[in-house]
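Protein chains in written order, with UniProt numbering: chain R, 1 to 413; chain S, 1 to 413.
Okay, here's the thing in structure tokens:
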């Protein structure tokens with residue numbers, strides 16, 4: 001296993017440093033919060049944004065402050081919009097800090113159903129519905145703050161042979177990932193944060209996705225994508241040690257300790273040609289049933305796949321070019337945490353198609369974990385017949401912050 | 001009062017005829033349903049799509065078949081998309097009937113959480129979440145079926161002086177209004193119906209709107225628009241005689257009995273200039289408080305407005321040019337039923353603005369009821385400083401149908 005995604009000695013050192021940094025602010029976040037953070041750091045264990053403890057009600061709030069940013073280990077809400085901004089040429093290190101302080105302050109308020117600092121429509125903040133805001137940094141933002149601290153992996157992904165990337169839905173200097181179960185709270189939060197950012201940056205792109213509405217399905221149901229597939233069965237469980245190992249950075253570079261990376265891939269799905277394939281063909285392409293997502297060698301979604309099984313003709317039940325076989329690696333370090341969203345920009349005709357998946361992949365190191373996986377799928381995956389990667393972006397997701405701090409402060413220290 | 005929106009003798013004749021038409025099919029819809037329809041027709045009373053009776057669970061189904069189409073008296077779901085299609089030149093009367101039969105059949109299935117006839121992703125139909133589909137006809141569709149039956153009011157509205165209409169979000173031959181509390185069910189239903197329509201028509205426009213998510217607010221809470229205003233306080237109550245009088249056509253022309261009309265106005269709202277006005281100024285522009293929507297002469301949202309009240313300086317408390325004074329008519333027949341949705345196409349810069357209100361107005365006769373209201377607002381309304389009507393469409397919404405029939409069948413008989 002690589003050091004990049006396990007709580008190794010290096011990782012603990014990173015976390016310890018972070019512990020010291022948080023120490024000064026701990027008084028401000030209340031005894032329980034401070035103890036929680038301390039305990040989490042001591043044990044080197046997962047603490048999912050303190051969410052599980054305090055968001056009791058169905059339409060409750062997700063804590064903003066914590067060891068990690070919310071919006072990653074948090075249960076995915078119905079709606080998420082990813083916004084990328086380009087910094088203005090004049091936005092220097094000092095301006096970036098001011099921008100992040102303002103955005104942090106307003107995100108902290110809005111996620112707790114309180115109005116933003118300059119909120120002209122404070123009543124629109126009253127329903128937050130698990131609103132989360134997650135900040136990400138592109139390479140240019142990190143360079144302007146401290147070029148020496150650029151993570152080795154923070155750059156556009158290597159080109160894959162089947163990529164058909166559109167620059168208008170790729171890259172960016174600052175990411176805001178805003179999620180909510182409520183469309184009005186989402187809209188209001190995006191507007192407030194976009195107003196905050198205006199002085200410092202221009203919007204590069206905005207991509208909106210959805211899952212089933214809050215409450216319409218039993219909690220924990222794996223989402224379905226627009227091909228009708230159960231999508232995301234094999235995924236580390238937030239809160240588990242496994243999750244922590246895959247997702248949270250141990251501190252390479254040091255300021256990233258407790259953070260992660262986001263790879264956002266916009267995957268256009270050709271629903272029309274997919275619909276032309278019969279059910280057997282479609283299930284074979286993936287290696288799972290459409291009805292409940294069970295591997296073709298099993299009967300339930302969570303059944304272990306038997307990649308050795310053969311049918312009466314001696315052929316493998318899970319085809320060699322099927323998606324789940326190609327996605328699986330013998331190398332257990334080549335794993336990611338996914339939190340995808342469907343997108344559907346309506347039944348118009350567009351060059352890139354108009355529906356698909358916003359594939360959001362979180363991992364300590366995208367080059368070590370995401371790239372080999374995507375390389376295998378790019379080389380061979382029956383699904384490539386119907387999908388096309390049309391947008392790509394990589395962001396460093398810094399750790400969380402305590403009250404009084406701001407997201408990304410570790411980069412400035 | 002005009003005959004167009006009251007259950008007059010003419011109206012009863014219309015309903016009686018419809019009763020006869022439904023009679024033949026009543027056996028197919030089950031005894032309870034048939035009795036319900038009979039009772040409603042006998043009493044000349046409102047029967048809100050049978051919804052109240054059968055959609056018991058929070059994530060229940062809205063009945064499709066009934067005296068009226070669903071999606072009008074139905075409680076507004078979180079999400080609604082309006083789609084307008086232009087008929088192909090070759091789509092004649094016979095083809096229109098085939099198209100409506102196919103669309104009716106699939107809408108009936110999908111709204112009941114059953115897969116469409118040629119549904120390649122049947123699993124995506126499993127959550128319906130109050131899915132409704134409402135059909136509307138533009139003048140061209142009616143003309144191709146039977147030009148003699150064109151309602152006198154079915155044409156583009158007269159031009160208003162402040163209109164800034166964009167043809168790309170105006171008019172159309174066929175309307176599909178699709179509403180759901182669940183974004184995935186909405187997406188799937190729109191895709192299935194759009195596929196059905198492809199052989200007969202091309203998409204002209206699609207406009208999507210939202211309210212608060214299902215369950216995030218107490219039922220019956222009046223929506224807020226993106227100006228932060230409580231929007232839609234004065235509205236007939238579905239199920240009341242008042243509602244029936246305002247909304248359902250008495251049968252002018254006869255095939256419209258039990259139907260209504262939709263005026264859809266796309267109202268761009270300039271959130272930036274609105275935010276520059278102080279709270280007092282904004283409340284004065286509307287005549288209601290922002291906090292709870294109470295008239296400035298009262299304390300609760302539903303308090304009757306006192307238009308005579310003056311302040312200590314002798315000026316009216318509700319300004320003469322305020323929105324609620326201008327919207328109110330002495331003529332009680334100039335009333336509508338509204339079921340609006342916010343739209344927000346993201347923080348980009350667009351000529352028409354990118355956020356506002358999809359103002360959906362239902363009334364028996366738009367020329368008699370909607371036009372005078374809009375004329376007063378066009379003449380004078382403080383809100384005109386910040387809003388602009390950028391899209392407009394009028395559709396005839398036929399009555400509902402029984403199982404075995406199709407929406408709009410009355411036009412063909």
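For every residue, glycine included, the Cβ atom is placed at its ideal position computed from N, Cα and C.
Closer than 8 Å to chain S by CB, residue i
i, result
"residue 59/R", "yes"
"residue 281/R", "no"
"residue 110/R", "no"
"residue 288/R", "no"
"residue 121/R", "yes"
"residue 314/R", "no"
"residue 405/R", "no"
"residue 224/R", "yes"
"residue 366/R", "no"
"residue 347/R", "yes"
"residue 298/R", "no"
"residue 175/R", "no"
"residue 172/R", "no"
"residue 137/R", "no"
"residue 228/R", "yes"
"residue 203/R", "yes"
"residue 284/R", "no"
Cβ-based neighbour list, residue i, same chain, cut-off 7 Å, excluding 5 preceding and 5 following
i, result
"residue 253/R", "149, 151"
"residue 296/S", "283, 287, 288, 289, 317, 318"
"residue 235/S", "337, 338"
"residue 396/R", "136, 137, 142, 151, 154, 256, 259, 261"
"residue 146/S", "411"
Supposed contact pair residue j and residue i - C-beta distance, whole angstroms, cut 8 Å
i, j, result
"residue 398/R", "residue 410/R", "6 Å"
"residue 154/S", "residue 394/S", "6 Å"
"residue 293/S", "residue 301/S", "4 Å"
"residue 100/R", "residue 356/R", "Not confirmed; about 31 Å, so no contact."
"residue 267/R", "residue 130/R", "About 25 Å separates the two Cβ atoms, so there is no contact after all."
"residue 232/S", "residue 364/S", "Not really, about 19 Å apart at Cβ, beyond 8 Å."
Minimum Cβ-Cβ distance from residue i to chain R less than 8 Å
i, result
"residue 393/S", "no"
"residue 127/S", "yes"
"residue 342/S", "yes"
"residue 190/S", "yes"
"residue 183/S", "yes"
"residue 64/S", "no"
"residue 206/S", "yes"
"residue 103/S", "no"
"residue 154/S", "no"
"residue 51/S", "Because residue 51/S carries a pLDDT of 32, less than 50, the predicted location of this residue cannot be relied on, and the following value inherits that uncertainty. No, no contact with chain R."
"residue 275/S", "yes"
"residue 124/S", "yes"
Proximal residues to residue i (C-beta, below 8 Å), its chain only, five neighbours per side dropped
i, result
"residue 417/S", "The first residue shown for chain S is 1 and the last is 413, placing residue 417/S beyond what the model contains."
"residue 226/S", "269, 271, 342, 344, 355, 356, 357"
"residue 76/R", "179, 211, 223, 339, 341"
Endpoints, beta strand (DSSP E) assigned at residue i
i, result
"residue 291/R", "Unbroken run through residue 291/R: none, as it is neither H nor E."
"residue 391/S", "387-397"
"residue 88/R", "No beta strand (DSSP E) holds residue 88/R; DSSP gives it neither H nor E."
"residue 342/R", "341-344"
Residues of its chain near residue i, where Cβ-Cβ distance is below 6 Å and the 5 sequence neighbours each way are ignored
i, result
"residue 134/R", "69, 71, 177"
"residue 222/R", "230, 232, 233"
"residue 265/R", "359, 389, 392"
Host alpha helix (DSSP H) of residue i (start-end)
i, result
"residue 99/S", "93-111"
"residue 273/S", "271-275"
"residue 187/R", "183-197"
"residue 368/S", "366-379"
"residue 327/R", "323-327"
"residue 244/R", "241-247"
"residue 410/R", "409-412"
is_contact[residue i, chain B] using C-beta, thresh 8 Å
i, result
"residue 200/S", "Although the question refers to chain B, the structure presented lacks it and instead comprises the protein chains R and S."
Query - Contact list for the segment 211-222 of chain R against chain S, Cβ threshold 8 Å - result: 211, 212, 213, 214, 215, 216, 217
**Report entry** Within 9 Å of chain S by C-beta, residues of the segment 75-86 of chain R in sequence order
**Finding:** 78, 79, 81, 83
Query - Members of the segment 250-277 of chain R near chain S, C-beta cut-off 8 Å - result: 271, 274, 275
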